[in-house]
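Numbering (the UniProt record's numbering), first residue to last: 1 to 370.
Scroll down for the structure; my scribbles are underneath it.
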């Protein structure tokens with residue numbers, strides 16, 4: 001429910017077609033793509049253009065997420081009604097936070113009128129500064145400027161408070177800290193309309209994955225400490241987190257070859273998420289297979305108000321076939337995505353996507369792609 005397909009404007013990183021190909025190869029029949037394109041998806045024409053590109057590709061269903069604010073500048077609210085009519089399923093300035101609480105409050109109030117969730121990238125830029133990884137002992141050890149955990153949890157707690165007073169639907173993108181997860185848990189107990197997602201990399205890795213300045217481990221929010229990772233595992237097990245989302249954020253290979261401080265934040269994830277979840281979370285006993293399905297499929301559909309997500313007659317025949325015993329090795333050179341940056345390269349995992357159908361039509365087959 002959280003990808004960046006870069007088109008229009010940044011096709012050298014990813015296109016709707018290449019992103020959709022990566023999605024079906026990874027077992028995803030549908031994706032929701034963020035608005036940080038060029039131009040920004042803050043107008044019905046851009047929303048419609050993305051949908052048309054997806055239709056031409058004929059692979060995964062692509063649901064555009066429109067910008068919360070015009071130009072993602074955090075100042076003027078976008079026209080939510082017109083964007084929803086054009087096909088937007090949510091609004092978000094993901095990649096940037098809505099920094100002004102008054103603007104965020106208006107966005108939540110406006111979203112309630114149109115029954116759209118606001119997906120928020122929770123970050124306090126004044127605290128982030130020039131940080132490149134999570135602030136802590138490892139950042140100090142290797143001499144990189146850190147981003148404090150408070151940069152996230154202050155924004156999470158502020159936005160939950162705004163969701164409470166507006167009664168709007170708030171979705172917290174890519175939870176990464178224990179305190180953020182605790183805030184979401186308390187909010188749900190209080191009846192506030194908040195949902196949240198966690199990424200596979202935050203569930204599996206810690207800040208020490210940066211290693212010797214590996215830019216494949218540079219993303220935002222940054223990888224955190226072991227205590228945070230354990231808190232996120234608890235959050236997916238106890239229902240605090242409603243979805244596992246890839247935050248698939250491809251960049252050109254040359255950009256990720258820059259020094260760690262200069263390289264962009266973001267990694268790819270559509271073609272690695274399912275086997276990672278199957279081995280590291282399901283096979284290890286952290287969550288049952290049915291919970292993995294809820295987190296990867298039916299949970300996101302519920303949050304975004306999309307049809308499907310079941311096998312009843314008459315439902316959309318969007319189906320993924322898995323082999324839970326087959327093993328594979330993550331090889332970025334074989335990715336359908338134009339992005340290649342992943343901290344999981346070379347990892348052998350048990351559990352594979354065998355085939356993917358969208359609308360009853362086979363759009364990916366492992367046997368046909370060997």
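Yeah, the Cβ is synthetic: ideal placement off N, Cα and C, and Gly gets one too.
Remember, it's a predicted structure, so these values are computed and weren't measured experimentally.
* Asked: Cα-Cα, which of 263, 265, 350 is closest to residue 282?
  -> Taking the chain shown and counting its residues from 1, the one referred to as residue 282 is at position 282. Selected option, being the one with the closest Cα: 350.
* Asked: Near residue 146, what residues of its chain come up, given a Cβ to Cβ distance below 7 angstroms and the 5 sequence neighbours on each side ignored?
  -> Taking the chain shown and counting its residues from 1, the one referred to as residue 146 is at position 146. These residues qualify, in order along the chain: 131, 133, 134, 135, 136, 139.
* **Meets three-Cβ-pair contact criterion under 8 angstroms: the region 187–203 and the region 242–254** => yes
* Asked: Are the region 86–102 and the region 27–43 touching, with three or more C-beta to C-beta distances below 8 angstroms?
  -> Touching, yes.
* Would you call residue 334 buried or exposed, if buried means 16 or more other Cβ atoms sit within 10 Å of its Cβ? -> Here residue 334 corresponds to residue number 334 of the chain shown, with the count starting at 1. Exposed.
* N-terminal and C-terminal residue of the alpha helix (DSSP H) that residue 291 is part of -> Position 291 of the chain shown, counting from 1, holds the residue named residue 291. Counting along the chain, the alpha helix (DSSP H) containing residue 291 begins and ends at 289–293.
* Asked: So, are the CB atoms of residue 42 and residue 70 less than 8 angstroms apart?
  -> Stepping through the chain shown from its first residue, residue 42 is reached at position 42. Stepping through the chain shown from its first residue, residue 70 is reached at position 70. Yes. Within cutoff.
* **Strand pairing of residue 328, partner residues [DSSP]** => Against the chain shown, residue 328 aligns to sequence position 328. Per DSSP, 349.
* Can you round the beta-carbon distance between residue 355 and residue 321 to whole angstroms, since I take them to be within the 8 angstroms contact cut? -> Within the chain shown, the letter at position 355 stands for residue 355. Within the chain shown, the letter at position 321 stands for residue 321. Their Cβ separation, rounded to whole angstroms, is 4 angstroms, which keeps residue 355 and residue 321 in contact under 8 angstroms.
* Asked: Mind checking residue 180: buried by the 16 CB within 10 Å criterion, or exposed?
  -> Indexing the chain shown from 1 puts residue 180 at position 180. Its Cβ being crowded by 16 or more others within 10 Å, residue 180 is buried.
* Can you give the Cα-Cα distance for residue 1 and residue 253, rounded to whole angstroms? -> Within the chain shown, the letter at position 1 stands for residue 1. Within the chain shown, the letter at position 253 stands for residue 253. In a straight line, the C-alpha of residue 1 is about 24 angstroms away from that of residue 253.
* Would you mind working out which of 57, 151, 337, 162 sits nearest residue 102, comparing C-alpha positions? => On the chain shown, position 102 is the one that residue 102 refers to. Per the Cα distances, 162.
* Rounded to a whole number of angstroms, what is the C-alpha to C-alpha distance between residue 262 and residue 292? -> What you label residue 262 is simply residue 262 of the chain shown in a count that begins at 1. What you label residue 292 is simply residue 292 of the chain shown in a count that begins at 1. Their Cα atoms are separated by approximately 35 angstroms.
* Proximity below 8 angstroms, CB of residue 121 to CB of residue 93 -> Mapped onto the chain shown, residue 121 falls at position 121. Mapped onto the chain shown, residue 93 falls at position 93. Yes, they are a contact pair.
* Asked: What did DSSP end up calling residue 371 once you bin it into helix, strand or coil?
  -> Outside the shown range of the chain (1 to 370) lies residue 371, about which nothing can therefore be said.
* Three-state secondary structure assigned by DSSP to residue 215 -> Indexing the chain shown from 1 puts residue 215 at position 215. Helix, per DSSP.
* May I have the straight-line CA-CA distance separating residue 345 from residue 58, to the nearest angstrom? => By one-based count along the chain shown, residue 345 stands at place 345. By one-based count along the chain shown, residue 58 stands at place 58. Each residue's Cα considered, the two are about 28 angstroms apart.
* **Cβ shell of residue 152 (< 7 angstroms), same chain only, five flanking positions each side left out** => Taking the first residue of the chain shown as 1, we reach residue 152 at position 152. Here the set comprises 122, 123, 176, 177, 180, 221.
* Test item: CB-CB of residue 323 and residue 357 under 8 angstroms -> By 1-based counting over the chain shown, the position of residue 323 is 323. By 1-based counting over the chain shown, the position of residue 357 is 357. Taking 8 angstroms as the Cβ cut-off, residue 323 and residue 357 do not qualify as a contacting pair.
* For the beta strand (DSSP E) holding residue 361, just list the boundary residues, first then last. => Here residue 361 refers to the residue found at position 361 of the chain shown. Start and end: 361–365.
* **Pair within 8 angstroms by beta-carbon distance, residue 84 and residue 114** => Mapped onto the chain shown, residue 84 falls at position 84. Mapped onto the chain shown, residue 114 falls at position 114. The answer is yes: Cβ separation under 8 angstroms.
* Tell me which same chain residues have a C-beta within less than 8 angstroms of the C-beta of residue 182, skipping the five on either side of it? -> Stepping through the chain shown from its first residue, residue 182 is reached at position 182. Here the set comprises 231.
* Asked: When DSSP builds the beta bridges, which residues end up paired with residue 179?
  -> Position 179 of the chain shown, counted from the first residue, corresponds to residue 179. Per DSSP, none; premise fails for residue 179.
* **Cα-Cα separation between residue 209 and residue 242, rounded to whole angstroms** => Here residue 209 refers to the residue found at position 209 of the chain shown. Here residue 242 refers to the residue found at position 242 of the chain shown. Computed Cα separation, rounded: 26 angstroms.
* Asked: Would the beta-carbon of residue 301 fall within 8 angstroms of that of residue 308?
  -> Sequence index remark: in the chain shown, residue 301 carries index 301 (1-based). Sequence index remark: in the chain shown, residue 308 carries index 308 (1-based). Yes, they are a contact pair.
* Asked: What is the rounded straight-line gap between the Cα of residue 257 and the Cα of residue 215?
  -> As a working mapping, residue 257 is identified with position 257 in the chain shown. As a working mapping, residue 215 is identified with position 215 in the chain shown. If you take the alpha carbons of residue 257 and residue 215, they lie about 7 angstroms apart.
* Can you tell me which of 315, 290, 143, 240 puts its alpha carbon nearest to the alpha carbon of residue 211? => Reading the chain shown from its first residue, position 211 is the one you call residue 211. If you compare the alpha carbons of 315, 290, 143, 240 with that of residue 211, the shortest gap goes to 143.
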